[in-house]
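Visitor:
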Amino acid sequence: MLYLQSTRTSSALSGILSVVCPPSLRRSIELESYVYAVPCTNHHGSRVPLFHSALFTISNNIRTTSTRPKRKSNGGGSTIEVEELVRVLLRKVGDEKFPLVTTLNKYVRTVRTEHCFLLFEELGRQDKWLQCLEVFRWMQKQRWYIADNGIYSKLISVMGKKGQTRMAMWLFSEMRNSGCKPDTSVYNSLITAHLHSRDKSKALSKAYGYFDKMKGLNERCQPNVVTYNILLRAFAQAGDLKQVDAIFKDLDSSIISPDIYTYNGVMDAYGKNGMLREMETILLRMKSNQCKPDTITYNLLIDSYGRKQAFAKMEQVFKSLLRSKAKPTLPTFNSMISNYGKARLKDKAESVFRKMNDLGLKPSYVTYECLITTYGYCDCVSSAREIFDDVMGNQKQLQVSTLNAMLDVYCMNGLHFEADKLLEVADKKGFVPNVATYKLLYKAYTKANIKELVHKLLKRMDQEGIVPNKKFFLGAVEALGLILRIWLFVIFIDVILYIRFLFVFSRLDLRVSINDLTRQFDLNPTQKFYIRVDPFNKWIGFC
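For the sequence shown, our numbering assigns the number 435 to the initial residue and increments by one for each residue that follows.
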């Protein structure tokens, strides 16, 4: 081992360290390299100069302590680390002082494609699709970025779910310009994006057009079972039986076999539309193809029969579920309780709740909400309040939907002031209502024509900083829709009758004013434009 005493070497090494090495490592490397040096040889076996030996030591130290992340393994720890970093990034999203791109630049050494994928999902759920595009632009500027179909497919899917069909189409063209060739997954995302648009007839024709186009492309773009599942569910939701049968025939003639998701998607769409016969036809087709029903199949059958109050069939399916290898889940019991409640069958709903406890299933907050709503339909407000108080006392964090369920029970039973008191109690306990809470109460208060509570609610919304939009007031308009339609009909009839009067009297050459007509029927001057129809019918008959 050699001992270094040369000041020239140490000064040169210090200059290189200041450029190459981070300050945190500089001091330790200087001590190691200045005091000790291991004689080094190159790959030819000859001795390397002492200065090169020091550089070799520096490079080894930097390589072993690099902050650049290594390729993540598929173990559970890496997944936890990725999710934790994404949570940190999402906390910074709402901060106006630090834009998302600034936060990403802060973690530029760590963030990779897997982090961006999770960011796309979470930002899409929060309806922040513009920030998804910011993350995408940031990705494109990184050295590790490689254009990939998976990235574009994910973004197209997010844009489609938020109704941004044009943006999805732009991403599709951007993908082609970047040199990526579309595959089946990209076309599936594009079809799904079109199906989320408002014009359903146009969306279905576009989706089917892409389906036909995929058949004429190469092997990497051929429709798969996911493509068929998307189209079958969409046309089943639209009630287009002919198209569903045509797609099923096409699927049978292809080499692709339908799976359990195919049948479940179509049956669920038929069931939610109340088309029970068509749903049962698909069930028979599934059994004939030796495809066994799973828990989701049983759940959607129970829910579909319950919606149409076909309780005999619903109970029969439930018994079959208990006998099968599949096990009932919380959605099974929640659906049965909710449907029994809408039919005001309180005893049966309570028996289902007891059965759930006997099977060892722990009720969730959704289960309690179904029970609260059931008692509300059955005019058992006190029982609903008991459950609400138990949930409020036992659970660590009360869900907004649970509060909304109890408020809805009060309003449907005409106890609007009790609902207002409950809102004040929740406010004192630090519970923050959401827009759905205010929308529910506003609709109920306006329907009951309680101006005092309406003004109080609007004042509370103003204090909370909640600005009502067009959708907020649509609920109140729907609540008053019948009354408005009646008044509009009466006014329309009045206008038609006045025009008819003027036409008749002009032909008879009679000079009759509106005041004469009101005196004829003993009406007040303020009632001129709100005259009842019956007297006019008598006058017209007389004419």
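Every residue, glycine too, gets a C-beta built ideally from N, C-alpha and C.
All values reported here derive from a predicted model rather than from experimental measurement.
Please return the same chain residues whose Cβ sits closer than 8 Å to the Cβ of Val429, not counting the five positions on each side in sequence.
Guide: Here the chain has residues from 435 to 977 only, and residue 429 is not among them.
Visitor: In whole angstroms, what is the alpha-carbon distance linking Met895 and Tyr872?
Guide: Residue 895 sits at position 461 when you count from the first residue of the sequence shown. Residue 872 sits at position 438 when you count from the first residue of the sequence shown. So the alpha carbons of these two residues sit roughly 8 Å apart.
Visitor: Please classify Tyr732 as buried or exposed, where buried requires at least 16 other C-beta atoms within 10 Å of its C-beta.
Guide: Here residue 732 refers to the residue found at position 298 when the sequence shown is read from its first residue. Result: buried.
Visitor: Does DSSP put Cys812 in a helix, in a strand, or in coil?
Guide: Along the sequence shown, one-based indexing puts residue 812 at 378. Of the three classes helix, strand and coil, the one that applies to Cys812 here is coil, per DSSP.
Visitor: Classify Ile580 as helix, strand or coil using the three-state DSSP reduction.
Guide: For the purposes of this step, residue 580 is taken as the residue at position 146 of the sequence shown. Three-state DSSP puts Ile580 in coil, outside helix and strand.
Visitor: Sorted by chain position, which residues of the same chain lie with C-beta nearer than 8 Å to Thr599's C-beta, five sequence neighbours on each side aside?
Guide: As a working note, residue 599 is residue 165 in the sequence shown. Closer than 8 Å at the Cβ level, and outside the excluded window around Thr599, lie Met593, Ala627, His628, His630 and Ser631.
Visitor: Going by Cα to Cα distance, which pick from Ala870, Tyr697 and Arg819 is closest to Gln852?
Guide: Here residue 852 is taken as the residue at index 418 of the sequence shown, counted from 1. It is Glu, not Gln, that sits at residue 852 in the sequence shown. If we check each option's Cα against that of Glu852, Arg819 comes out closest.
Visitor: Using 8 Å as the threshold, is the C-beta distance between Ser738 and Met770 below it?
Guide: What you label residue 738 is simply residue 304 of the sequence shown in a count that begins at 1. What you label residue 770 is simply residue 336 of the sequence shown in a count that begins at 1. Contact: no.
Visitor: My guess is that Asp617 and Cys655 are in contact by the Cβ rule of under 8 Å, so how many angstroms apart are they, rounded?
Guide: By one-based count along the sequence shown, residue 617 stands at place 183. By one-based count along the sequence shown, residue 655 stands at place 221. With 8 Å as the limit, Asp617 and Cys655 qualify as a contact, their Cβ atoms being about 6 Å apart.
Visitor: Assuming Ala641 and Leu666 form a contact by the criterion Cβ under 8 Å, report the distance between their Cβ atoms to the nearest whole angstrom.
Guide: The residue you call residue 641 lines up with position 207 of the sequence shown. The residue you call residue 666 lines up with position 232 of the sequence shown. Their Cβ separation, rounded to whole angstroms, is 11 Å, which puts Ala641 and Leu666 out of contact at 8 Å.
Visitor: Sorted by chain position, which residues of the same chain lie with C-beta nearer than 8 Å to Val516's C-beta, five sequence neighbours on each side aside?
Guide: Here residue 516 is taken as the residue at index 82 of the sequence shown, counted from 1. Once the five neighbours on either side are set aside, the close Cβ partners of Val516 are Lys506, Glu548, His549 and Leu552.
Visitor: Just how far apart, CA to CA, sit Leu484 and Tyr579?
Guide: On the sequence shown, residue 484 is found 50 positions in, with the first residue counted as 1. On the sequence shown, residue 579 is found 145 positions in, with the first residue counted as 1. Confidence in Leu484 is poor, its pLDDT being 37 and thus under 50, which makes the residue's placement unreliable; the coordinate value appears in the next sentence. If you take the alpha carbons of Leu484 and Tyr579, they lie about 40 Å apart.
Visitor: Who are the Cβ neighbours of Val979 in its own chain at under 8 Å, not counting the five residues just before and after it?
Guide: Beyond the ends of the chain as shown, which are 435 and 977, falls residue 979; an answer cannot be given.
Visitor: Could you please give the first and the last residue of the uninterrupted alpha helix (DSSP H) stretch that includes Gln598?
Guide: For this step, residue 598 is matched to residue 164 along the sequence shown. Premise fails: Gln598 is in no alpha helix (DSSP H) and is neither H nor E.
Visitor: Residue range of the alpha helix (DSSP H) that Ser687 falls in?
Guide: Locating residue 687 in the sequence shown gives position 253, counting from the first residue. Here the alpha helix (DSSP H) through Ser687 covers Leu675 to Ser687.
Visitor: Output yes or no for whether 8 Å exceeds the beta carbon distance between Asp813 and Asn773.
Guide: Within the sequence shown, numbered from 1, the residue matching residue 813 stands at position 379. Within the sequence shown, numbered from 1, the residue matching residue 773 stands at position 339. Against a cut-off of 8 Å, the Cβ pair of Asn773 and Asp813 comes out as no contact.
Visitor: According to DSSP, is Cys550 part of a helix, a strand, or is it coil?
Guide: Taking the sequence shown and counting its residues from 1, the one referred to as residue 550 is at position 116. In the structure shown, Cys550 sits in a helix (DSSP, three-state: H, G or I).
Visitor: Counting only the same chain and skipping the five closest in sequence on each side, list residues whose C-beta sits under 6 Å from that of Pro762.
Guide: One-based indexing of the sequence shown puts residue 762 at position 328. Counting only Cβ-Cβ distances below 6 Å, and skipping sequence neighbours, we find Leu755.
Visitor: How about Val751 and Ile736: are their beta carbons less than 8 Å apart?
Guide: Here residue 751 refers to the residue found at position 317 when the sequence shown is read from its first residue. Here residue 736 refers to the residue found at position 302 when the sequence shown is read from its first residue. Cβ atoms of Val751 and Ile736: closer than 8 Å.
Visitor: Quick check on Pro616 - is its C-beta less than 8 Å from some C-beta in chain D?
Guide: Protein chain content of the structure displayed is limited to a single chain, and chain D is not contained in it.
Visitor: Buried or exposed for Ile793, please, with buried defined as at least 16 other CB atoms from any protein chain shown within 10 angstroms of its CB.
Guide: As a position in the sequence shown, residue 793 is number 359, starting the count at 1. Strictly speaking, residue 793 in this sequence is Leu, with Ile absent from that position. By the 10 Å Cβ count, Leu793 comes out exposed.
Visitor: Would you tell me roughly how many angstroms separate the C-alpha atoms of Arg521 and Val888, rounded to the nearest one?
Guide: Numbered from its first residue, the sequence shown carries residue 521 at position 87. Numbered from its first residue, the sequence shown carries residue 888 at position 454. For Arg521 and Val888, the distance between alpha carbons rounds to 39 Å.
Visitor: Can you tell me whether DSSP reads Arg543 as helix, strand or coil?
Guide: If you number the sequence shown from 1, residue 543 lands on position 109. Looking at Arg543 - three-state DSSP - the assignment turns out to be coil, as it is neither helix nor strand.
Visitor: Where does the unbroken alpha helix (DSSP H) through Lys562 begin, and where does it stop?
Guide: Counted from its first residue, the sequence shown places residue 562 at position 128. It is not in any alpha helix (DSSP H) - Lys562 carries neither H nor E in the DSSP assignment.
Visitor: Please check the pair Thr696 and Asn658, which I expect to be a contact at CB under 8 Å, by giving their CB distance rounded to whole angstroms.
Guide: On the sequence shown, position 262 is the one that residue 696 refers to. On the sequence shown, position 224 is the one that residue 658 refers to. Incorrect: roughly 11 Å between the Cβ atoms, too far for contact.
Visitor: What residue range does the alpha helix (DSSP H) around Val859 cover?
Guide: Stepping through the sequence shown from its first residue, residue 859 is reached at position 425. It spans His850 to Lys862 - the alpha helix (DSSP H) in which Val859 sits, taken as one unbroken run.
Visitor: Starting from the Cα of Leu805, find the closest Cα among Lys796, Ile884, Ala783 and Tyr644 and give me that residue.
Guide: Taking the sequence shown and counting its residues from 1, one reaches residue 805 at position 371. The candidate whose alpha carbon is nearest that of Leu805 is Ala783.
Visitor: Between Gly843 and Lys776, what straight-line distance do the alpha-carbon atoms span, to the nearest angstrom?
Guide: If you number the sequence shown from 1, residue 843 lands on position 409. If you number the sequence shown from 1, residue 776 lands on position 342. The question names Gly, but residue 843 is Val in the sequence shown. Distance between the alpha carbons of Val843 and Lys776 is about 13 Å.
Visitor: Run through DSSP, which three-state label would Asn663 get?
Guide: Mapped onto the sequence shown, residue 663 falls at position 229. In the structure shown, Asn663 sits in a helix (DSSP, three-state: H, G or I).
Visitor: Can you check which of these residues, Thr766, Gly699 and Pro867, is closest to Glu749 by C-alpha distance?
Guide: Stepping through the sequence shown from its first residue, residue 749 is reached at position 315. Out of Thr766, Gly699 and Pro867, Thr766 has the C-alpha closest to the C-alpha of Glu749.
Visitor: How about Val535 and Glu568: do their beta carbons lie closer than 8 Å?
Guide: The residue you call residue 535 lines up with position 101 of the sequence shown. The residue you call residue 568 lines up with position 134 of the sequence shown. A contact, by the Cβ cut-off of 8 Å.
Visitor: Sort Ala602, Ala672, Arg778 and Asn622 by Cα distance to Asp633 and report the nearest one.
Guide: By 1-based counting over the sequence shown, the position of residue 633 is 199. Looking at the Cα atoms, Ala672 is the closest of the given residues.
Visitor: Might you give, ordered along the chain, the residues of its own chain that have their beta carbon closer than 7 Å to the beta carbon of Leu891, omitting 5 neighbours on each side?
Guide: Here the question's residue 891 lines up with position 457 in the sequence shown. Counting only Cβ-Cβ distances below 7 Å, and skipping sequence neighbours, we find Tyr872, Leu875, Tyr876 and Tyr879.
Visitor: Pop quiz: Trp563 and Lys596 are said to be a contact at Cβ under 8 Å. What is the actual Cβ separation, rounded to whole angstroms?
Guide: In the sequence shown, counting from the first residue as 1, residue 563 sits at position 129. In the sequence shown, counting from the first residue as 1, residue 596 sits at position 162. So it is a contact: roughly 5 Å between Cβ atoms.
Visitor: Quick one: what does DSSP say Pro765 is sitting in, helix, strand or coil?
Guide: Counted from its first residue, the sequence shown places residue 765 at position 331. Looking at Pro765 - three-state DSSP - the assignment turns out to be helix.
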